[in-house]
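Chemist:
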Amino acid sequence: MTDNLDKPLLPNIEAFIASISVASISEERKAVLQPLIDYIQGKHAQNEVVNLNFICTHNSRRSQLSQAWAKAMSVYYDIDIHSFSGGVEVTAFNESAINALINDGFKAELGEETNPNVKLTFSEKHAPLVMFSKKFDDASNPKEGFAAIMTCSDADDNCPHIVGAEKRIPVKYDDPKLYDGTAEEAAKYAARSRQIASEMCYIFSQITKS
Numbered sequence: 007m008t009d010n011l012d013k014p015l016l017p018n019i020e021a022f023i024a025s026i027s028v029a030s031i032s033e034e035r036k037a038v039l040q041p042l043i044d045y046i047q048g049k050h051a052q053n054e055v056v057n058l059n060f061i062c063t064h065n066s067r068r069s070q071l072s073q074a075w076a077k078a079m080s081v082y083y084d085i086d087i088h089s090f091s092g093g094v095e096v097t098a099f100n101e102s103a104i105n106a107l108i109n110d111g112f113k114a115e116l117g118e119e120t121n122p123n124v125k126l127t128f129s130e131k132h133a134p135l136v137m138f139s140k141k142f143d144d145a146s147n148p149k150e151g152f153a154a155i156m157t158c159s160d161a162d163d164n165c166p167h168i169v170g171a172e173k174r175i176p177v178k179y180d181d182p183k184l185y186d187g188t189a190e191e192a193a194k195y196a197a198r199s200r201q202i203a204s205e206m207c208y209i210f211s212q213i214t215k216s
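According to the numbering used here, the sequence shown is numbered sequentially starting from 7.
1) Would you tell me roughly how many angstroms separate the C-alpha atoms of residue 83 and residue 77, rounded to the nearest one?
2) Applying the criterion that 16 or more other CB atoms from any shown protein chain within 10 Å of the CB defines a buried residue, is residue 136 buried or exposed?
3) Going by DSSP, name the residue or residues bridged to residue 89.
4) Does residue 173 get closer than 8 Å to chain C when you measure Cβ to Cβ?
5) On a Cα-Cα basis, can you pick out the residue from 192, 101, 30 that is closest to residue 70?
6) So what's residue 6 in DSSP terms, helix, strand or just coil?
7) Can you confirm whether the segment 137 to 147 touches the segment 173 to 187 when touching is taken to mean that 3 or more C-beta pairs between the two stretches lie within less than 8 Å?
8) So is residue 86 buried or exposed if we call it buried at 16+ other beta carbons inside 10 Å?
9) Check whether the segment 19 to 35 and the segment 54 to 61 touch, using three or more Cβ-Cβ pairs below 8 Å as the test.
10) Any idea if residue 55 is buried or exposed, counting beta-carbon neighbours within 10 angstroms, 16 or more meaning buried?
11) With contact counted as at least three CB pairs below 8 Å, one residue from each stretch, are the segment 116 to 126 and the segment 87 to 107 in contact?
12) Relative to the C-alpha of residue 33, which residue among 127, 196, 205 is closest?
13) So is residue 92 buried or exposed if we call it buried at 16+ other beta carbons inside 10 Å?
14) Using C-beta distances below 6 Å, list every residue in its chain close to residue 185, excluding the 5 sequence neighbours before and after it, in chain order.
15) Residue 81 and residue 161: beta carbons closer than 8 Å?
16) Taking the alpha carbon of residue 46 as the reference point, which residue from 189, 198, 154, 188 has its own alpha carbon closest?
17) Throw me the rounded Cβ distance for the residue 43 and residue 168 pair, which I believe falls under 8 Å.
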């Protein structure tokens with residue numbers, strides 16, 4: 007792991023990342039992640055901007071967690087990227103997903119709207135991510151020159167074409183929404199967030215800097 011002195015994350019995020027073991031990621035899962043590694047590596051090798059748009063149906067849980075952890079891991083490994091997320095429908099950034107990130111070191115400030123802007127702070131040296139539920143082609147997202155990373159089967163099946171994407175990469179996760187309202191809710195959201203964090207850690211650890 008890099009000490010990343012020039013671009014430090016918040017201390018609790020740094021500590022959490024330092025505790026991650028990617029040994030638990032199966033070879034089968036690594037094969038799923040490899041196209042995203044190849045995309046980032048190829049863009050980085052050509053000194054081109056890396057835009058990653060994580061897409062799920064409601065842009066409320068898995069795509070938002072992926073956007074947050076991709077950005078944090080890129081800073082940790084000093085790999086310059088721009089991280090976005092979107093969906094097919096507009097809902098809201100789920101509170102349990104936000105809490106899972108807070109519990110692993112992020113800071114969050116929420117607006118009071120039905121679909122609030124969530125200012126997610128991960129570093130003292132980088133601007134916070136301003137996150138809210140939106141469609142994948144929202145004005146705040148890139149219109150071309152990006153990879154569309156499909157984080158759920160429903161969005162992957164129902165969005166056969168993402169306008170402007172130069173690469174479509176399925177990296178699907180089970181939906182923690184299945185546990186909403188149960189005694190397992192917090193634990194399942196934490197587990198999904200940490201799975202995504204571990205896989206983003208692995209992805210960015212594989213990028214070779216020129």
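Note that beta-carbon positions come from the ideal geometry of N, C-alpha and C, so glycine has one too. Source: prediction; values computed, not measured.
Modeler: So, from the data block:
1) 10 Å
2) exposed
3) 58
4) Annotation note: the requested chain C is absent from the structure, which comprises a single protein chain.
5) 101
6) The chain is shown from 7 up to 216; residue 6 falls before or after that span and cannot be answered.
7) no
8) exposed
9) no
10) exposed
11) yes
12) 205
13) buried
14) 191, 194
15) no
16) 154
17) Actually they are not in contact, since the Cβ atoms of residue 43 and residue 168 sit about 20 Å apart, beyond 8 Å.
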